[in-house]
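Have a look at the structure below, then the notes.
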Amino acid sequence: MSYRYLEHSTDAFIEVKAKNLEEAFSVAGKSVVETIIDLENIQEIEEKSVKVKGRNLLNLLYNWLEEIVTMTITDGFAIKKFSVNIKKNTEYEIVSKVSGEKLDLKKHNFKIEIKSPTFHLMEIKENGEITMQYLLDL
35 MSYRYLEHST
45 DAFIEVKAKN
55 LEEAFSVAGK
65 SVVETIIDLE
75 NIQEIEEKSV
85 KVKGRNLLNL
95 LYNWLEEIVT
105 MTITDGFAIK
115 KFSVNIKKNT
125 EYEIVSKVSG
135 EKLDLKKHNF
145 KIEIKSPTFH
155 LMEIKENGEI
165 TMQYLLDL
């Protein structure tokens, strides 16, 4: 499981590779946090539950990325660890536990603010492994 930044002139264009969907969504969440701040100084002091729904996998990914941006930037919670479970009934749902602490811009080395994820260039491929690509508007 890994992620990398792809070439893009103005935004963060990210590719995730993972064994399964849960791992891919966990890595995607981590990539959002690491784009904003450094993970290394975050302590796992508090645990929060996160639920996100989507009518399909792309919609679920968008809503998940948006929720992580909101938790970090708006709610001021620095996430260190993700535990993700995905359910599918009439729609997809992520039930997740995240752990971290209150965001401290100096301690966590604030890098850049993400405005929002975007559907532009977003894709999910399932071919033995999961490959995701998405763009974060900076």
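The working numbering runs 34 ahead of the 1-based position in the sequence shown.
Each residue gets a CB set at the ideal place from its N, CA and C atoms; glycine is no exception.
Own chain residues within Cβ distance below 8 Å of Leu155, not counting five before or after: Numbered from 1 along the sequence shown, position 121 holds the residue referred to as residue 155. Exclusion of the five residues before and after Leu155 leaves Phe47, Gln167, Tyr168, Leu169 as the residues of its chain whose Cβ lies within less than 8 Å of its Cβ.
Environment of Ile79 [buried if 16+ CB atoms lie within 10 Å]: As a first step, residue 79 is located in the sequence shown; it is residue number 45 there, counting from the start. Flag for Ile79 reads exposed.
Pair within 9 Å by beta-carbon distance, Asn143 and Asp72: Along the sequence shown, read from residue 1 onward, the residue named residue 143 stands at position 109. Along the sequence shown, read from residue 1 onward, the residue named residue 72 stands at position 38. Yes, these two residues count as a Cβ contact at 9 Å.
Check whether Leu153 and Leu137 have beta carbons under 9 Å apart: As a working note, residue 153 is residue 119 in the sequence shown. As a working note, residue 137 is residue 103 in the sequence shown. Checking the sequence, you will find Phe at residue 153 rather than Leu. Taking 9 Å as the Cβ cut-off, Phe153 and Leu137 do not qualify as a contacting pair.
Cβ contact (3+ pairs, closer than 8 Å) linking the region 157-164 and the region 96-110: no
Three-state secondary structure assigned by DSSP to Phe47: Residue mapping note: residue 47 aligns to position 13 of the sequence shown, counting from 1. Of the three classes helix, strand and coil, the one that applies to Phe47 here is strand, per DSSP.
For Val132 and Lys149, believed in contact at Cβ under 8 Å, the rounded distance: Against the sequence shown, residue 149 aligns to sequence position 115. Against the sequence shown, residue 132 aligns to sequence position 98. Rounded, the Cβ-Cβ distance is 21 Å, inconsistent with contact.
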